[in-house]
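Asker: Structure provided below as structure tokens; questions to follow.
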Amino acid sequence: MGKTSVTSALLDWYDVHAREMPWRVMPADKRAGVRPDPYAVWLSEVMLQQTTVAAVRDYHRKFTGIWPTVADLAAAEDADVMAAWAGLGYYARARNLLKCARAVVADHGGAFPQTYEGLIALPGIGPYTAAAIASIAFDVPATVLDGNVERVMARLYDEHTPLPAAKPVLMSYAEQHTSHSRPGDYAQAVMDLGATICTPKSPACGICPVRPNCDAQTAGTQLELPRKTPKKPKPTRYGTAYIARRADGAWLLETRPDKGLLGGMLGWPTTDWSDTPDPAPPMDATWDTLNEPARHTFTHFHLILSVQTAKVPQNTAPNRGAFIPEADFTPSALPTVMQKAYNLAAATLRQV
DNA sequence: GATGCGTGGAG
DNA sequence: TCTCCAAGCAT
1 MGKTSVTSAL
11 LDWYDVHARE
21 MPWRVMPADK
31 RAGVRPDPYA
41 VWLSEVMLQQ
51 TTVAAVRDYH
61 RKFTGIWPTV
71 ADLAAAEDAD
81 VMAAWAGLGY
91 YARARNLLKC
101 ARAVVADHGG
111 AFPQTYEGLI
121 ALPGIGPYTA
131 AAIASIAFDV
141 PATVLDGNVE
151 RVMARLYDEH
161 TPLPAAKPVL
171 MSYAEQHTSH
181 SRPGDYAQAV
191 MDLGATICTP
201 KSPACGICPV
211 RPNCDAQTAG
221 TQLELPRKTP
231 KKPKPTRYGT
241 AYIARRADGA
251 WLLETRPDKG
261 LLGGMLGWPT
271 TDWSDTPDPA
281 PPMDATWDTL
291 NEPARHTFTH
301 FHLILSVQTA
311 KVPQNTAPNR
321 GAFIPEADFT
331 PSALPTVMQK
341 AYNLAAATLR
351 QV
């Protein structure tokens with residue numbers, strides 16, 4: 001079936017309906033010769049991995065404010081970057097962000113590679129992100145295949161093979177539409193369409209610029225597509241967080257190991273979050289258990305986190321973590337589950 | 001190919 | 001309240 005008009009229809013639609021984003025150069029400005037900042041594009045694409053535009057905006061603004069160039073970011077302290085990323089989730093992205101920035105400075109003279117192959121070799125840059133940066137920042141005709149494009153292609157071609165098995169065929173469809181005249185605008189256009197028109201639950205087919213090309217719209221199957229293999233139910237795990245405050249107001253915190261859940265992030269000492277009984281607290285103290293646990297859902301399990309608090313003497317020696325002075329402690333530097341525990345304990349521990 | 005890895009918003 | 005899910009990557 002010929003769908004040669006899809007590309008031009010999407011570009012025409014994008015010229016009128018492109019959404020404003022801090023890292024995006026709008027089509028009219030691109031025509032006037034304005035080029036995207038590859039650093040800003042890379043930062044946005046990493047932040048947007050499995051994350052909504054609404055959630056990314058403020059973080060992107062914060063990062064470019066503190067670290068205006070990739071060289072600035074490469075020179076940053078690890079702890080400062082992790083603290084700035086706190087709350088955005090998927091913290092391996094922040095660790096790889098730093099690795100990538102340092103590789104760009106050390107191995108590429110501070111300039112991002114301009115090819116798909118050069119980009120995908122960098123930490124935290126996979127097939128999607130390499131194609132996105134190559135097309136958006138450098139107008140290389142690379143094909144982006146993210147969740148939006150998968151949905152758009154599955155519907156355009158009424159493809160019923162479930163994901164992720166359908167990825168190769170959806171990629172072949174996407175490649176057929178990739179623009180060679182305006183690669184960056186096209187990549188953003190097809191993703192904008194998926195985000196605003198061809199949405200998962202209530203697609204606005206009535207105003208869709210490629211409705212005449214859409215096999216699912218013809219068949220009436222758009223709400224069933226794309227099909228996905230069913231997910232496993234999430235188990236519930238239990239644990240305990242220990243929030244201790246010293247006589248001078250300092251808080252007992254520890255940096256978590258780089259690997260695993262919340263890797264590299266600052267947090268309260270906790271038990272592990274399995275089914276095993278609680279090991280010993282991080283030090284001898286009189287621990288009080290709060291009435292309400294912190295509840296939090298991660299990607300693959302629910303957590304019910306009991307919170308224990310203690311006020312401890314100045315000479316207390318912890319066997320885990322370190323006391324952070326009150327003046328240096330900012331709850332916003334903690335991942336969300338740790339902020340929840342803090343909020344529950346704050347009233348109890350406000351007075352030293 | 002399957003699994004681990006956050007979070008907040010929408011329905 | 002609960003499920004789904006959003007511009008994925010590393011292993």
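Note that full-length UniProt numbering has the first sequence beginning at 1, numbered continuously upward.
All C-beta atoms, glycine included, are put in the ideal place defined by N, C-alpha and C.
Here the structure is a predicted model, which means the values were calculated and not measured.
#1: Which of helix, strand or coil does DSSP assign to V53?
#2: Please identify the residue among A333, H300, Y242, K232 whose C-alpha is closest to the C-alpha of A310.
#3: Cα separation between A250 and I324?
#4: Can you say whether R24 is buried or exposed, counting buried as having 16 or more other CB atoms within 10 angstroms of its CB?
#5: Have a look at V152, K234, E159 and flag the residue whose alpha-carbon is nearest the alpha-carbon of T199.
#6: Quick check on the DSSP output: the beta strand (DSSP E) that includes R295 runs from which residue to which?
#7: With distances taken between CB atoms, is the gap from T336 to G124 smaller than 8 Å?
#8: Identify every residue that forms a DSSP beta bridge with H175.
#9: Mind reading off the beta-carbon distance from V81 to V105? Whole number of angstroms is fine, and I expect it under 8 Å.
#10: Tell me the rounded alpha-carbon separation between P318 and R245.
#11: Check whether the segment 254 to 266 touches the segment 285 to 293, taking contact to mean three or more Cβ pairs, one atom from each stretch, closer than 8 Å.
#12: Report the three-state DSSP secondary structure of Y342 (helix, strand or coil).
#13: Who are W251's beta bridge partners in DSSP?
#14: Which partner residues of S306 appear in the DSSP bridge assignment?
#15: Residues in the same chain with beta-carbon distance under 8 Å from Y342, minus the five sequence neighbours each way, listed in chain order, please.
#16: What do you reckon, are the CB atoms on L156 and C214 nearer than 8 Å?
#17: With DSSP as the reference, identify every bridge partner of V312, one or two as the case may be.
#18: With Y91 and M265 assumed to form a contact (beta carbons below 8 Å), what rounded beta-carbon distance in angstroms separates them?
#19: What is the DSSP secondary structure of D288, reduced to helix, strand or coil?
#20: Label D29 either buried or exposed according to how many other C-beta atoms from any shown protein chain fall within 10 Å of its C-beta, with 16 as the threshold for buried.
#21: What does the Cβ neighbour count give for D58, buried or exposed, with the cut at 16 atoms within 10 Å?
#22: With contact counted as at least three CB pairs below 8 Å, one residue from each stretch, are the segment 186 to 206 and the segment 7 to 18 in contact?
#23: Going by Cα to Cα distance, which pick from A94, P235, R61 is closest to E77?
#24: Measuring straight from C-alpha to C-alpha, what distance separates M1 and T218?
#25: Find the nearest neighbour of M175 within the set A204, G206, S135, judged by alpha-carbon distance.
#26: If you drop the 5 nearest sequence neighbours on each side, which residues of the same chain put their C-beta closer than 6 Å to that of Q114?
Answerer: Well, looking at it:
#1: helix
#2: Y242
#3: 5 Å
#4: buried
#5: V152
#6: 294 to 297
#7: no
#8: The sequence as given places Glu at residue 175; His does not occur at that position. According to DSSP, E175 bridges with nothing at all.
#9: That pair is no contact at about 14 Å.
#10: 11 Å
#11: no
#12: helix
#13: R245, I324
#14: T240
#15: I243, W268, P331, L334
#16: yes
#17: R246
#18: 6 Å
#19: strand
#20: exposed
#21: exposed
#22: yes
#23: A94
#24: The pLDDT assigned to M1 is 44, lower than 50, so where the model puts this residue is not dependable; a value taken from the coordinates is nonetheless given after this. So the alpha carbons of these two residues sit roughly 13 Å apart.
#25: Looking at the sequence shown, residue 175 is not Met but Glu. Cα-wise, what sits closest to E175 is S135.
#26: F138
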